[in-house]
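A.B. asks: Taking my numbering, the leading residue of the sequence shown gets 298, the next gets one more, and so forth. Where a beta carbon is used, it is the ideal one built from N, C-alpha and C, also for glycine. Since the structure is predicted, the reported quantities are computational estimates derived from the model, not experimental observations. Sending over a structure as structure tokens; questions will come in a sec.
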Amino acid sequence: GDILSAGDYQWGQVRSQDMMITLQWLYEHYPGNQSQMLLDNMNFLHEKGLNWEDWYNKAAYFGQRMNEDLNSLKAVAVVRRFTHNDSLIQTAMDGVNWTMTYHGASSGTILADERLVGLAPYSGSELCTSVETMYSLSYLYGALGTNYYADRAELAAFNSLPAMLTPDWWGRQYMEEPNQPYAQNLSETPFYNTNSWGQTFGLEPNYPCFGDNALAHALLSPGTAKTILSGGNVTVSCTTGYPFLHTLSYIVTADAPMDFYVRVPAWAGSNSSVTVKFNASTPISPDPETGLHKVSLPEGTSNMSYTLSSIVRTEARENDTVAVYKGALLYALDVTNTNTSTLPKPYNDPSTFYNESYAPPQSMDWEYHNTSAWSYAIDPSTLGYHEPNDTSSYYTLANPIFAPGAPPGYITARACEIDWPLFLGSVPGYPPTGDAKKCLGDVKEVKLVPYASAKTHMAELPVIDLSS
Numbered sequence: 298g299d300i301l302s303a304g305d306y307q308w309g310q311v312r313s314q315d316m317m318i319t320l321q322w323l324y325e326h327y328p329g330n331q332s333q334m335l336l337d338n339m340n341f342l343h344e345k346g347l348n349w350e351d352w353y354n355k356a357a358y359f360g361q362r363m364n365e366d367l368n369s370l371k372a373v374a375v376v377r378r379f380t381h382n383d384s385l386i387q388t389a390m391d392g393v394n395w396t397m398t399y400h401g402a403s404s405g406t407i408l409a410d411e412r413l414v415g416l417a418p419y420s421g422s423e424l425c426t427s428v429e430t431m432y433s434l435s436y437l438y439g440a441l442g443t444n445y446y447a448d449r450a451e452l453a454a455f456n457s458l459p460a461m462l463t464p465d466w467w468g469r470q471y472m473e474e475p476n477q478p479y480a481q482n483l484s485e486t487p488f489y490n491t492n493s494w495g496q497t498f499g500l501e502p503n504y505p506c507f508g509d510n511a512l513a514h515a516l517l518s519p520g521t522a523k524t525i526l527s528g529g530n531v532t533v534s535c536t537t538g539y540p541f542l543h544t545l546s547y548i549v550t551a552d553a554p555m556d557f558y559v560r561v562p563a564w565a566g567s568n569s570s571v572t573v574k575f576n577a578s579t580p581i582s583p584d585p586e587t588g589l590h591k592v593s594l595p596e597g598t599s600n601m602s603y604t605l606s607s608i609v610r611t612e613a614r615e616n617d618t619v620a621v622y623k624g625a626l627l628y629a630l631d632v633t634n635t636n637t638s639t640l641p642k643p644y645n646d647p648s649t650f651y652n653e654s655y656a657p658p659q660s661m662d663w664e665y666h667n668t669s670a671w672s673y674a675i676d677p678s679t680l681g682y683h684e685p686n687d688t689s690s691y692y693t694l695a696n697p698i699f700a701p702g703a704p705p706g707y708i709t710a711r712a713c714e715i716d717w718p719l720f721l722g723s724v725p726g727y728p729p730t731g732d733a734k735k736c737l738g739d740v741k742e743v744k745l746v747p748y749a750s751a752k753t754h755m756a757e758l759p760v761i762d763l764s765s
């Protein structure tokens, strides 16, 4: 078998909460008359693992440098489940807030390449970071019920993760950047522990890696669920174009009256509504903590429509830049490109290629080279959303939906090119600020599209006043 090293032991300490989750499942479902032993083992893992509640306090978090594993975001909520220490609820929120404030990407993931690196838009995020961020935030919502966690889980799921995959899912990035006008072999790597091929798409561009009679739709998306509640069998089917369109249609069949909950994202407007067939539309009144809105449904089959209202909004980023959102989607400047492909390369020897029989023919390595300008500043006051003609829940989304030009809806803004230097002569650095930020040419209208559909993109754009 494998021989454990000191590094493996440290890795186990960092991820001790994942073993606790397994033990908690056994404790709740199949304790086998060993409940106390399972609890003892949870406590042992907590005592010998890294104690994340000690890290997520102001003195530790702001007083020293430390590498962070993304699994830690859910750690204190895992511990609270068997210690019942409610002070950990605030500790969990502090951990997520501080991480997202000082290291979060506009796409919902965390800027980290084996270590936290701040907010520089040329800093990258690993694919595994997106996945673990989604899992940790989903776990936190399930364990603590705070709406903020579900919103952030959707942000990563609909922006960061699909941006790192080719539309056919045969190629992926190891590292992805918020400002990424090209995805090619770089002249110099801006990353800590990733080679110059890490932002290309391919096989291995770097390292290969509620109550008992109620049901809730928390992370919104199309799908079908079948379950058994205290009143009997329940089937729920949801048809929607979410997150691109904001109407969700439900067919709920239940053996007995039940409560059905829908989650209301924090960005949803006050004129969002729910309509059950043959009844008048009612405004939403979500729980202020969980964001869940209750709909009481009768026995039999009910048809329900849930409509969320949203507006274009911006979030301030580093160096007088903004990220642009509508609903759960981040929108980015669409930088046009050409691409080239080769047979897959070994991540540790990218000057060579695997032979043709190594992987299925669909598996190729890709570089994307920009063919349009990327160094734009925008006037946020000119942002405007352009919706498709059909915004119903039955709108047929393209497949694959995150292919270039596939998602419905886009945003336009007035913009101009500025003098924007490269970091290490390789990737877009911090943009100029103040008097150094000047238009180099004419003002024009630019198009912003859902972030994940633009493999070459600029998501954190400098702000400029073009009113004159």
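For the 8 Å Cβ check, are there 3 or more pairs between the stretch 684–699 and the stretch 659–674?
C.D. replies: Verdict: no, contact absent.
A.B. asks: Going by DSSP, what residues sit across from Pro580 in a beta bridge?
C.D. replies: According to DSSP, Pro580 bridges with Ser570.
A.B. asks: Please work out which residues of its chain come closer than 8 Å, Cβ to Cβ, to Tyr432, disregarding the five sequence neighbours upstream and downstream, and give them in chain order.
C.D. replies: Here the set comprises Lys371.
A.B. asks: For my contact list, Pro725 and Ile715 are in at a C-beta cut-off of 8 Å; report their separation, rounded to the angstrom.
C.D. replies: The Cβ separation is near 11 Å, so there is no contact.
A.B. asks: Take Ala402 as the anchor and find which of Met472, Pro595, Arg378, Ser313 has the nearest alpha-carbon.
C.D. replies: The residue with the shortest Cα to Cα distance from Ala402 is Met472.
A.B. asks: Going by DSSP in three states, Arg711 sits in which element: helix, strand or coil?
C.D. replies: Strand, per DSSP.
A.B. asks: Val619: beta carbon under 7 Å from a heavy atom of the ligand ZN?
C.D. replies: Summarising the ligand content, the structure contains no ligands, and the ligand ZN is consequently not present.
A.B. asks: Quick one: measure Cβ to Cβ for Thr544 and Thr693, integer angstroms, because I've assumed they're closer than 8 Å.
C.D. replies: At roughly 14 Å, the Cβ-Cβ gap does not stay under 8 Å, so Thr544 and Thr693 are not in contact.
A.B. asks: Fully enclosed by the stretch 340–397, which alpha helix (DSSP H) runs are 4 residues long or longer?
C.D. replies: Fully enclosed alpha helix (DSSP H) runs of 4 or longer: 349–352, 355–358, 372–380.
A.B. asks: State the Cα-Cα distance for the pair Leu542 and Ile300, rounded to the nearest angstrom.
C.D. replies: Each residue's alpha carbon lies about 51 Å from the other.
A.B. asks: Which residues share a DSSP beta bridge with Asp556?
C.D. replies: Ala511, Ser593.
A.B. asks: Assuming Asp305 is part of the alpha helix (DSSP H), what are its boundary residues?
C.D. replies: Here the alpha helix (DSSP H) through Asp305 covers 303–311.
A.B. asks: Does Trp663 come out as helix, strand or coil in the three-state DSSP assignment?
C.D. replies: If DSSP states are grouped into helix, strand and coil, Trp663 belongs with the strands.
A.B. asks: When the distance is taken between beta carbons, is Pro701 closer than 8 Å to Ser750?
C.D. replies: Yes, they are a contact pair.
A.B. asks: Leaving out five residues before and five after Arg378 in sequence, what residues of the same chain have Cβ atoms less than 7 Å from its Cβ?
C.D. replies: So the list reads Gln321, Ala440, once near-sequence residues are dropped.
A.B. asks: For the stretch 558–567 against the stretch 444–464, do three or more pairs of beta-carbon atoms, one drawn from each stretch, fall closer than 8 Å, so that the two count as touching?
C.D. replies: Contact holds: three or more Cβ-Cβ distances are below 8 Å.
A.B. asks: Considering only the alpha carbon of each residue, which of Glu501, Asp739, Leu516 lies closest to Tyr644?
C.D. replies: Checked all of Glu501, Asp739, Leu516; the closest Cα to Tyr644 is Glu501.
A.B. asks: Out of Pro580, Val573, Thr604, which one is the CA nearest neighbour of Pro595?
C.D. replies: Cα-wise, what sits closest to Pro595 is Val573.
A.B. asks: Would you tell me roughly how many angstroms separate the C-alpha atoms of Ser369 and Tyr539, rounded to the nearest one?
C.D. replies: Answer to the nearest angstrom: the Cα atoms are 30 Å apart.
A.B. asks: So, at 6 Å on beta carbons, what are the nonlocal neighbours of Val746 in its own chain, with the 5 sequence-adjacent residues on each side left out?
C.D. replies: Correct list, in chain order: Asp631, Tyr707.
A.B. asks: Ordered along the chain, which non-local residues of its own chain (more than five positions away) have a Cβ less than 8 Å from that of Asp739?
C.D. replies: Hits under 8 Å: Cys713.
A.B. asks: Tell whether a beta-carbon distance below 8 Å holds between Val549 and Met601.
C.D. replies: Yes, the Cβ-Cβ distance between Val549 and Met601 is below 8 Å.
A.B. asks: Tell me the residue span of the alpha helix (DSSP H) that contains Val746.
C.D. replies: Here Val746 belongs to no alpha helix (DSSP H); instead the beta strand (DSSP E) covers 741–747.
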